[in-house]
Amino acid sequence: MWEVFTCCSENPYQGMNNTQVYQYIVGGGRLHKPAVCPERIYVLMLECWQHVSFNVFSIFQLTNKLIIN
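For the numbering used here, add 1 to where a residue sits in the sequence shown, where the first one is 1.
The structure is reproduced here in structure tokens:
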């Protein structure tokens, strides 16, 4: 979703190698909110980016979150 809202005009984690990206994410770092991204969609992105594998949303749950919110 992040790439969609940046219109693929930005590279996520620009200038970082894979190890640096991993350390950034594990340390709690997340991509910034794209300017044209609605707040509720960014909040959903942040929920999806949580570092807890058992909290991964199913496509059904994501669809419900998008429709209901």
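Heads up, the beta-carbon is just placed ideally off N, CA and C, and yes, glycines get one too.
Taking just the CA atoms, how far does residue 8 sit from residue 66? Spanning the two alpha carbons is a distance of roughly 23 Å.
Can you give me the Cβ contacts of residue 47 inside the same chain, cut-off strictly under 8 Å, excluding the 5 residues immediately before and after it? If we look at residue 47 and ignore the five residues flanking it on each side, its Cβ neighbours are 31.
Enclosing alpha helix (DSSP H) for residue 47 [first to last residue]: For residue 47, the enclosing alpha helix (DSSP H) starts and ends at 40-49.
So, are the CB atoms of residue 2 and residue 42 less than 9 Å apart? Contact: yes.
Quick one, are the C-beta atoms of residue 38 and residue 6 less than 9 Å apart? Cβ distance < 9 Å, so residue 38 and residue 6 count as in contact.
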